[in-house]
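Student: Take this structure first; my questions come after.
The structure is reproduced here in structure tokens:
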């Protein structure tokens with residue numbers, strides 16, 4: 016995974032170097048803060064890596080990569096307001112540290128800064144890169160809207176869920192790869208293929224998150240198991256369970272979803288018992304595997320050197336066979 | 016003003032025609048609603064008019080014009096959340112009609128839609144148009160931040176106020192003209208000149224608003240006089256008054272600004288009396304005239320046909336000598 020790891024490192028430093036704080040301070044301080052919170056810098060790393068795969072050097076994609084990271088952090092900022100979140104990366108969210116107006120307006124400014132960074136690409140690909148970027152940005156909003164819509168529904172299907180996470184998280188990973196590829200001179204075919212690779216990885220990654228929340232090892236996972244169960248979060252596991260449950264199991268599940276007062280561990284144990292009865296763990300792993308295998312199949316078809324195919328394969332397996 | 020009037024008409028229809036509503040409905044309904052509220056469509060009209068002045072036809076600037084109107088309405092939507100406004104064009108604001116999350120997210124989507132429309136310009140000017148648009152968008156955010164900063168300060172100067180309204184409102188009018196000019200093939204010199212014309216018109220327009228709120232004729236103005244005084248809004252008039260007042264006048268003003276219980280008309284009369292003692296009405300009109308004269312001077316320098324210079328002059332005088 017040498018190339019991708021190299022760009023994860025690079026992206027971390029570049030992000031902090033490129034952004035120049037300005038007046039008024041109250042507009043830009045929250046932006047500094049959010050960027051300074053860090054993060055894996057996955058999207059910019061994938062963008063520059065894809066550029067590298069097709070041209071030998073990811074540098075030409077650096078501005079666009081930073082733009083994608085800035086855009087990603089803008090979505091987190093506004094999502095945190097809408098979710099009334101208190102913490103982001105173990106630090107207070109912007110609307111708590113400052114106030115809600117600051118979070119709204121600084122978020123808006125971040126979106127604009129991201130778009131400015133996305134302008135810094137070769138003229139030959141400017142329009143197509145902007146087109147993909149803006150279409151993706153809109154899809155992320157649509158995904159967030161579906162996610163909010165689902166909160167008040169009790170009939171969300173597995174397919175609807177997968178469509179939502181495709182929009183809310185997978186398309187940005189896919190676009191990061193495609194934009195990098197285009198800046199690197201990839202053919203349309205290869206650019207579209209690497210986009211599909213990103214979609215499959217993104218979906219597998221989210222299913223992995225859902226799975227680990229229930230079945231991950233708390234020691235390695237670093238946080239308490241079952242948070243999604245406790246909060247009734249509509250994950251693949253819960254939705255698959257609702258779909259497959261018989262009437263008795265449906266009643267049991269309904270009881271726990273609607274219970275006002277409950278012992279946390281008791282609820283987790285009860286729901287996990289239902290999952291185990293229905294083979295949900297295996298189902299989830301199988302679904303992840305489907306996306307993973309598709310991602311591997313796509314890698315083979317890419318017009319890139321063998322060493323770069325290997326880098327993508329290592330990245331895919333490292334992402335999907337992590338225990339935390 | 017034939018050309019500009021023609022495009023005001025055109026912009027109104029084009030705005031509703033161009034935008035295609037989509038799923039999810041909860042993301043796009045608030046956007047439909049905001050666009051449907053109407054408005055003068057000033058910015059798109061100026062954009063297409065400027066294009067017409069330099070090329071004979073404003074059609075090529077229609078997409079960008081619609082983008083500017085979509086962007087303008089996005090700023091109104093987010094500003095209304097931050098100001099806790101209840102009404103917009105005599106209708107409930109989006110955060111009241113739906114909820115705050117909808118207002119935040121639909122606003123984000125509007126900003127993205129606006130940027131997509133701004134891509135639909137000739138390739139030769141794509142990068143420069145995008146650059147001006149995004150820089151302007153950022154300046155509007157900065158203006159809004161300064162406006163919010165000023166709320167909690169009691170030492171705001173007239174110059175700071177003028178800088179703030181330049182960013183918050185004038186730059187978008189200026190950019191609308193400049194972008195239209197560029198699409199119409201104007202030289203850099205003419206594009207920059209028409210931008211400066213827009214800045215001066217924008218500043219004059221805001222000062223006019225401030226003036227009419229106190230000295231406008233309620234019959235023609237259509238709303239109660241003195242709303243800004245009652246709400247202690249920091250306008251040119253109030254700030255100029257604070258700057259020129261002697262200690263006794265300062266005390267009187269301070270009393271009324273801090274009065275918790277007061278008779279509305281009594282407060283208005285008292286503050287207007289102070290304004291009259293200090294010649295604030297004349298000062299405001301003189302300041303407006305300075306910007307207006309500069310705008311006229313710039314029109315003369317533009318490389319456009321006489322009939323179009325006349326159209327701009329008529330527009331400027333109509334805007335600035337309105338009584339409501």
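Residue numbers (my numbering), protein chains in the order written: chain A, 16 to 339; chain B, 16 to 339.
Glycine included, every Cβ here is placed at the ideal spot set by N, Cα and C.
Identify whether residue 35 of chain A lies in helix, strand or coil by the three-state DSSP scheme.
Tutor: coil
Student: What is the rounded straight-line gap between the Cα of residue 218 of chain B and the Cα of residue 172 of chain A?
Tutor: Rounded to whole angstroms, residue 218 of chain B and residue 172 of chain A show a C-alpha spacing of 54 Å.
Student: Check the Cβ-Cβ distances between residue 47 of chain A and every residue of chain B, and say whether any is below 8 Å.
Tutor: no
Student: Would residue 157 of chain B and residue 45 of chain A qualify as a contact pair, given that the criterion is a beta-carbon distance under 8 Å?
Tutor: no
Student: Since I believe residue 76 of chain A is in contact with residue 199 of chain A (beta carbons under 8 Å), could you give me their beta-carbon distance rounded to a whole number of angstroms?
Tutor: 7 Å
Student: Spatial neighbours of residue 331 of chain B within its chain, please: CB distance less than 7 Å, with the 5 preceding and 5 following residues excluded, ordered by chain position.
Tutor: 216, 307, 310, 311
Student: Which whole-angstrom value describes the C-beta separation of residue 240 of chain A and residue 233 of chain A, a residue pair presumed to lie in contact below a C-beta threshold of 8 Å?
Tutor: 5 Å
Student: Report yes if the C-beta of residue 170 of chain B is less than 7 Å from at least one heavy atom of the ligand HEM; otherwise report no.
Tutor: Ligands in the displayed structure: none, and consequently the ligand HEM is not present.
Student: Mapping the DSSP letters down to three states, classify residue 133 of chain A as helix, strand or coil.
Tutor: Residue 133 of chain A falls in the coil class under three-state DSSP.
Student: If we ignore side chains and look at the alpha-carbon of each, how far apart do residue 322 of chain B and residue 255 of chain B end up?
Tutor: 38 Å
Student: Residue 162 of chain B to residue 249 of chain B, Cα distance in whole Å?
Tutor: 9 Å
Student: Beta carbon of residue 202 of chain B, beta carbon of residue 318 of chain B: below 8 Å?
Tutor: yes
Student: Rounding to the nearest angstrom, what Cα-Cα distance links residue 344 of chain B and residue 272 of chain B in this structure?
Tutor: What is shown of chain B runs 16 to 339, which leaves residue 344 of chain B out entirely.
Student: Does residue 103 of chain A come out as helix, strand or coil in the three-state DSSP assignment?
Tutor: strand
Student: Between which two residues does the alpha helix (DSSP H) harbouring residue 172 of chain A extend?
Tutor: From DSSP, residue 172 of chain A is part of no alpha helix (DSSP H); its letter is neither H nor E.
Student: Could you give the first and the last residue of the continuous alpha helix (DSSP H) run that contains residue 215 of chain B?
Tutor: 203-230
Student: Would you call the region 146-153 of chain B and the region 110-117 of chain B in contact, with 3 or more CB pairs under 8 Å?
Tutor: No, the region 146-153 of chain B does not touch the region 110-117 of chain B.
Student: What residue does the alpha helix (DSSP H) around residue 355 of chain A start on, and which one ends it?
Tutor: The structure shown does not extend to residue 355 of chain A, since chain A is modelled only from 16 to 339, so the question has no answer here.
Student: Which residue marks the beginning of the alpha helix (DSSP H) containing residue 246 of chain B, and which one marks its end?
Tutor: Here residue 246 of chain B belongs to no alpha helix (DSSP H), and DSSP marks it neither H nor E.
Student: In chain order, what residues of the same chain have a beta carbon less than 6 Å from the beta carbon of residue 225 of chain A, not counting five sequence neighbours either side?
Tutor: 250, 251, 252
Student: Out of A:51, A:60, A:56, point me to the one whose CA is closest to residue 22 of chain A's CA.
Tutor: A:60
Student: Going by the CB atoms, is the gap between residue 144 of chain A and residue 197 of chain A shorter than 8 Å?
Tutor: Against a cut-off of 8 Å, the Cβ pair of residue 144 of chain A and residue 197 of chain A comes out as a contact.
Student: Mind listing which residues of the region 145-163 of chain A have their C-beta closer than 7 Å to chain B's C-betas, in chain order?
Tutor: 145, 146, 149, 152, 153, 156, 157, 159, 160, 161, 163
Student: Of all the options B:208, B:137, B:141, B:53, which has the alpha carbon lying nearest to the alpha carbon of residue 134 of chain A?
Tutor: B:141
Student: Tell me whether the region 88-108 of chain A and the region 48-58 of chain A touch, counting them as touching only if at least three CB pairs, one residue from each stretch, are closer than 8 Å.
Tutor: Output reads yes: the region 48-58 of chain A touches the region 88-108 of chain A.
Student: If you measure between the beta carbons of residue 192 of chain B and residue 62 of chain B, is that distance less than 8 Å?
Tutor: yes
Student: Between the beta-carbon of residue 155 of chain B and the beta-carbon of residue 109 of chain B, is there less than 8 Å?
Tutor: Result no, Cβ atoms of residue 155 of chain B and residue 109 of chain B do not sit closer than 8 Å.
Student: Per DSSP, what kind of secondary structure is residue 336 of chain B in: helix, strand or coil?
Tutor: coil
Student: Would you identify the three-state DSSP class for residue 114 of chain A, choosing helix, strand or coil?
Tutor: coil
Student: For my contact list, residue 41 of chain B and residue 160 of chain A are in at a C-beta cut-off of 8 Å; report their separation, rounded to the angstrom.
Tutor: 6 Å
Student: What separation, rounded to the nearest whole angstrom, lies between the Cα atoms of residue 82 of chain B and residue 124 of chain B?
Tutor: 12 Å
Student: If you run the structure through DSSP and keep just helix, strand and coil, what is residue 53 of chain B?
Tutor: coil
Student: Measuring alpha carbon to alpha carbon, tell me which of A:195, A:188, A:294 ends up nearest residue 137 of chain A.
Tutor: A:195
Student: Quick one, which residues of the region 89-101 of chain B are near chain A if we go by CB-CB under 8 Å, in chain order?
Tutor: 93, 96, 97
Student: Along chain A, in chain order, which residues have C-beta atoms closer than 7 Å to that of residue 131 of chain B?
Tutor: 149
Student: Please say whether residue 288 of chain B and residue 282 of chain B have beta carbons closer to each other than 8 Å?
Tutor: no
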